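Visitor:
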Amino acid sequence: MSWLVTGGAGYIGAHVVRAMTRGGEDVVVYDDLSTGDADRVPTGVPLVVGSVLDGELLERTMREHAVTGVVHIAGKKQVGESVERPLHYYRENVTGLQTLLDAMAAAGVDRIVFSSSAAVYGMPDVDLVTEDTPCAPMSPYGETKLIGEWLIAAAARAHGIRAASLRYFNVAGAAAPELADSGAFNLIPMVFERLEAGEAPRVFGDDYATPDGTCVRDYIHVEDIASAHLAAAQHLRDAAEGTSLILNIGRGEGSSVREMVDRILKVTGNEQVAPEVTARRPGDPARVVASAGRIREELGWTARHGLDEMIESAWQGWRRRHD
Ligand code: WQD
Numbered sequence: 075m076s077w078l079v080t081g082g083a084g085y086i087g088a089h090v091v092r093a094m095t096r097g098g099e100d101v102v103v104y105d106d107l108s109t110g111d112a113d114r115v116p117t118g119v120p121l122v123v124g125s126v127l128d129g130e131l132l133e134r135t136m137r138e139h140a141v142t143g144v145v146h147i148a149g150k151k152q153v154g155e156s157v158e159r160p161l162h163y164y165r166e167n168v169t170g171l172q173t174l175l176d177a178m179a180a181a182g183v184d185r186i187v188f189s190s191s192a193a194v195y196g197m198p199d200v201d202l203v204t205e206d207t208p209c210a211p212m213s214p215y216g217e218t219k220l221i222g223e224w225l226i227a228a229a230a231r232a233h234g235i236r237a238a239s240l241r242y243f244n245v246a247g248a249a250a251p252e253l254a255d256s257g258a259f260n261l262i263p264m265v266f267e268r269l270e271a272g273e274a275p276r277v278f279g280d281d282y283a284t285p286d287g288t289c290v291r292d293y294i295h296v297e298d299i300a301s302a303h304l305a306a307a308q309h310l311r312d313a314a315e316g317t318s319l320i321l322n323i324g325r326g327e328g329s330s331v332r333e334m335v336d337r338i339l340k341v342t343g344n345e346q347v348a349p350e351v352t353a354r355r356p357g358d359p360a361r362v363v364a365s366a367g368r369i370r371e372e373l374g375w376t377a378r379h380g381l382d383e384m385i386e387s388a389w390q391g392w393r394r395r396h397d
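To convert, count from 1 in the sequence shown and add 74; that's this note's numbering.
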């Protein structure tokens with residue numbers, strides 16, 4: 075099959091492109107390079123620079139490259155920014171997906187793997203979040219991802235497309251230093267940034283109802299996220315018309331902020347630094363950990379990489395960019 079990977083020049087997208095080409099799939103990258111980087115696209119993989127709002131270019135690209143399926147990773151993903159610029163998030167994430175689905179219909183493409191997020195769950199009040207845990211997103215970002223899933227499920231029912239929506243938990247790490255996340259919007263890179271500035275890393279609240287009082291999350295290596303996309307794409311190749319899967323991608327293991335910060339300090343050789351506990355960050359749920367059972371049953375997929383690999387590889391990428 076030939077796959078159009080939107081957002082394939084971004085942090086997660088580039089890892090997916092790598093896993094898919096190594097898995098023997100043909101890939102074309104479609105990216106507006108707003109946060110992506112053309113250097114992340116491997117030699118031999120075509121890159122089409124364009125917006126997900128450009129239906130004509132999407133349709134033409136699918137026809138010209140004889141695309142048979144889409145992996146839709148392009149999107150805006152910062153929770154805080156989505157609160158400030160909701161219309162922008164709805165346009166890029168919801169209108170963009172609708173435009174893509176229209177272009178797919180026009181070009182006769184009927185398979186899609188969609189990047190969704192654990193943000194659809196909001197503040198889940200359960201130990202392990204299953205795909206049937208009620209969704210109650212807490213931000214415009216999370217809303218756009220849930221609406222995206224609904225759009226896709228409706229298109230699967232009405233038009234017979236085959237689809238898999240993958241709900242990522244907390245993505246970290248890199249397969250190679252040059253593929254690392256360039257932003258500092260999540261815990262691991264935010265700790266690196268503080269250390270680099272000679273400041274103590276911050277722990278946002280230690281009075282949660284968790285074993286050590288700090289928030290618990292399910293961190294997953296971006297290479298595992300990528301291999302889950304390959305598994306989903308390959309599953310859709312032979313799936314029945316109208317197949318519509320919703321799958322968590324997590325490890326099913328919780329780690330506290332305190333534990334993560336301690337590990338980061340160790341890996342980066344900063345064990346003497348004492349983290350600073352500050353006020354809670356508004357909107358943070360105490361605990362969000364995946365049940366990873368459904369994807370194992372449906373696709374035979376499980377995560378392979380552990381926390382130290384995530385932190386070490388992220389650190390190497392950070393050093394490459396900042397040293
Ligand atoms: C993790 C924990 C912070 C920085 C977000 C989105 C989610 C998904 C992943 C896209 C929290 C704490 C952080 C710091 C800290 N994104 N923290 N000190 O909020 O779990 O998830 O990114 O799909 O949808 O909501 O991730 O990495 O920001 O925070 O104590 O300097 O680390 O409070 O408990 P989060 P995060």
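Every residue, glycine too, gets a C-beta built ideally from N, C-alpha and C. Note that the structure is predicted; figures quoted are calculated from it, not measured.
1) According to the neighbour-count rule (16 or more other Cβ atoms, all chains shown, within 10 Å of its Cβ), is V265 buried or exposed?
2) On the premise that S191 lies in contact with K150, defined as a C-beta separation below 8 Å, what is that separation, rounded to the nearest angstrom?
3) If I follow the unbroken alpha helix (DSSP H) through D105, where does it start and stop?
4) For V153, which residues in the same chain have their Cβ closer than 7 Å to its Cβ, ignoring the five residues on either side in sequence?
5) Go ahead and label R332 buried or exposed: buried means 16 or more other beta carbons lie within 10 angstroms of its beta carbon, across all protein chains shown.
6) Using CA coordinates, which residue listed in R114, A274, P349 and L269 is at the minimum distance from S256?
7) What number of angstroms, rounded off, separates the C-alpha of H89 from the C-alpha of A300?
8) Where V277 and S329 are concerned, what is the direct C-alpha to C-alpha distance, given to the nearest angstrom?
9) Using only the heavy atoms of the ligand WQD, determine whether one of them is closer than 6 Å to the beta carbon of S191.
10) Just to confirm the assignment: which complete alpha helix (DSSP H) runs, minimum length 4, are found wholly within the segment 316-394?
11) Based on Cα-Cα distance, which residue from T284, D105, E372 and R165 lies nearest to S239?
12) Could you tell me if the beta carbon of F278 falls within a distance shorter than 6 Å of some heavy atom in the ligand WQD?
13) When we look at the beta-carbon of A461 and count the other beta-carbons within 10 Å, is it buried (16 or more) or exposed?
14) Verify the contact flag: V153, CB atom, against every heavy atom of the ligand WQD, threshold strictly below 6 Å.
15) Please look up how many angstroms separate the CB atoms of A274 and E155, rounded, as I've assumed it's under 8 Å.
16) With DSSP as the reference, identify every bridge partner of I294, one or two as the case may be.
17) Report yes if the CB atom of D292 is closer than 7 Å to the CB atom of A360, and no otherwise.
18) Starting from the C-beta of T173, find all residues in its chain whose C-beta is less than 8 Å away, skip the five residues before and the five after it, and write them out in chain order.
19) Decide if D312 is buried, meaning its Cβ has at least 16 other Cβ atoms within 10 Å, or exposed.
20) Evaluate the contact criterion for the segment 305-324 versus the segment 181-191: three or more CB pairs, one atom per stretch, below 8 Å.
Guide: According to the structure data:
1) buried
2) No, K150 and S191 are not in contact; Cβ-Cβ is about 11 Å, not under 8 Å.
3) Segment D100 to D105 is the beta strand (DSSP E) holding D105; no alpha helix (DSSP H) there.
4) A193, S213 and Y215
5) buried
6) R114
7) 6 Å
8) 13 Å
9) yes
10) 331-341 and 367-373
11) E372
12) yes
13) Outside the shown range of the chain, which is 75 to 397, sits residue 461, and nothing can be said about it.
14) yes
15) Going by Cβ atoms, the distance from A274 to E155 rounds to 26 Å, so no, they are not a contact pair.
16) V245
17) no
18) V126, L127, D128, G129 and L132
19) exposed
20) yes
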